[in-house]
Amino acid sequence: MSEPDQAAEPDDQLLVERFAGGDGAAFDTLVRRYQRQLYWLALRYVGNDADAKDVAQRALVQAFTRLSELRSGQAFRGWVYRIAANLALNVVRDRKPQSPLVDDVAVALTREPLVEEEAQRRLRAAVTRLPPKQRLVVELRVFQELSFAAVGEVAECSEDSAKVNFHYALKKLRELMNEDES
Amino acid sequence: MTDDEELQARLRRLAVKPDKDERFWTEMAAHVRADYEASRLVPMRRRRRWAAPLVAGLAMAATFALWMRSQRPVVPLNDPVSDDVTVFDEEDSGEWIEELSPAQLDRVERAFKKEGV
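Chains as they are written, first to last, in our numbering: chain E, 374 to 555; chain R, 2 to 118.
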């Protein structure tokens with residue numbers, strides 16, 4: 374699991390409270406805790422290193438500047454993940470179709486055996502075509518390895534609803550891959 | 002594509018997490034802090050942007066008010082009361098008296114007293 378080690382470090386709620394009280398170290402701890410996950414999440418959406426880094430940075434900055442909107446410090450993780458996912462979706466939507474994309478994820482995937490490469494490419498393309506909420510659930514469950522309870526927290530739905538969304542996402546992926554194949 | 006298990010296994014293989022050195026993360030954290038500090042200054046700048054036109058507007062309004070006040074005929078209160086008394090020829094001078102300012106009425110009253118009327 375990539376979830377933060379809550380035993381070794383203070384939990385998000387405490388850090389958010391400390392930050393609100395002017396503790397700069399709490400800010401740094403929260404940034405360090407989430408920057409990797411946010412970068413990797415953004416990278417799968419936007420496909421290149423520069424945009425992913427930018428999205429992760431902006432998500433963290435927005436999370437802190439709009440912290441007064443957060444109902445509880447415990448919800449910080451879901452809050453910052455949602456901001457990152459939305460920013461990444463905006464980047465993808467705003468991208469000009471003709472602009473060349475240096476796809477760092479695809480480059481990494483070329484390590485796959487050639488036989489598998491095409492199937493994986495189609496699967497990856499299918500993931501990008503999922504409805505936003507289903508995609509977010511897949512990203513969080515499979516790639517971020519979060520529990521369904523945590524996925525629900527981020528996606529603002531119940532644990533059961535997260536499971537149902539995940540099930541539908543897998544079904545949709547199969548359909549999209551079949552479409553691509555035919 | 003077969004069952005859910007295989008599909009999830011394939012998805013997990015897409016879970017690319019490029020290995021970045023510690024310097025990359027340190028730089029990112031520094032950028033986040035710098036951007037956050039910069040974003041905190043934006044509202045102050047915005048306030049300053051609003052302040053200039055507001056102050057200018059208030060200054061113009063104050064100047065206009067002072068100018069209007071200077072145009073209004075005001076009876077100088079320190080002037081000596083004239084011995085001349087205006088005699089109203091009209092039969093009904095009530096409406097004229099009503100149009101006098103309190104200061105003018107006061108002067109009229111004092112003039113009448115001086116004359117022992």
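Even glycine gets a Cβ: it sits at the ideal position worked out from N, Cα and C.
Sequence-distant partners of glutamate 390 (chain E) (beyond 5 residues in either direction) whose C-beta falls short of 7 angstroms from its own C-beta, in its chain, are Gly446. When E:Asn538, E:Arg547, E:Val527, E:Glu552 are compared, the shortest CA-CA separation from leucine 443 (chain E) is found for E:Val527. Counting along the chain, the unbroken alpha helix (DSSP H) around proline 505 (chain E) starts and ends at 505-511. The Cβ-Cβ distance between leucine 433 (chain E) and glutamine 408 (chain E) falls below 8 angstroms.
Scanning its chain for C-beta atoms nearer than 6 angstroms, with the 5 sequence neighbours on each side dropped, one finds around aspartate 424 (chain E) the residues Val464, in chain order. Comparing alpha carbon positions, the residue from E:Tyr412, E:Gln386, E:Asp401, E:Gly397 closest to lysine 21 (chain R) is E:Tyr412. Less than 8 angstroms separates the beta-carbon of valine 33 (chain R) from that of glutamine 430 (chain E). Alanine 458 (chain E) sits in a helix when the DSSP states are folded into three classes. Secondary structure of serine 520 (chain E) (DSSP, three-state): coil. By the C-beta density criterion, threonine 402 (chain E) is buried, having at least 16 other C-beta atoms within 10 angstroms.
Taking a C-beta cut-off of 8 angstroms against chain R, the contacting residues of the region 407-437 of chain E are Gln408, Arg409, Tyr412, Trp413, Leu416, Arg417, Asp422, Lys426, Ala429, Gln430, Arg431, Leu433, Val434, Phe437, listed in chain order. Short of 7 angstroms from the beta carbon of lysine 536 (chain E), and not among the five residues preceding or following it, lie these beta carbons of its own chain, in chain order: Phe521. The residue among E:Gly397, E:Gln517, E:Ser441 with its C-alpha nearest the C-alpha of alanine 458 (chain E) is E:Gln517. The C-beta of asparagine 551 (chain E) has fewer than 16 other C-beta atoms within 10 Å across all chains shown, which makes the residue exposed.
Sequence-distant Cβ neighbours of glutamine 507 (chain E) in its own chain, meaning closer than 7 angstroms and more than five residues away, are Asn538, Tyr541, Ala542, Lys545.
Across the set E:Glu548, E:Arg450, E:Glu512, E:Leu496, the C-alpha of E:Glu512 shows the shortest separation from the C-alpha of leucine 416 (chain E). Pairing glutamate 532 (chain E) with proline 504 (chain E), the inter-Cα distance amounts to about 19 angstroms. Straight-line spacing of the CA atoms in alanine 60 (chain R) and alanine 104 (chain R) works out to 31 angstroms.
In the structure shown, serine 441 (chain E) adopts helical secondary structure according to DSSP, grouped into three states. Note on geometry: alpha-carbon atoms of lysine 115 (chain R) and leucine 106 (chain R) lie some 14 angstroms from one another. Residue-level contact check: aspartate 396 (chain E) does not touch chain R, since none of the beta carbons of chain R fall below 8 angstroms from its beta carbon.
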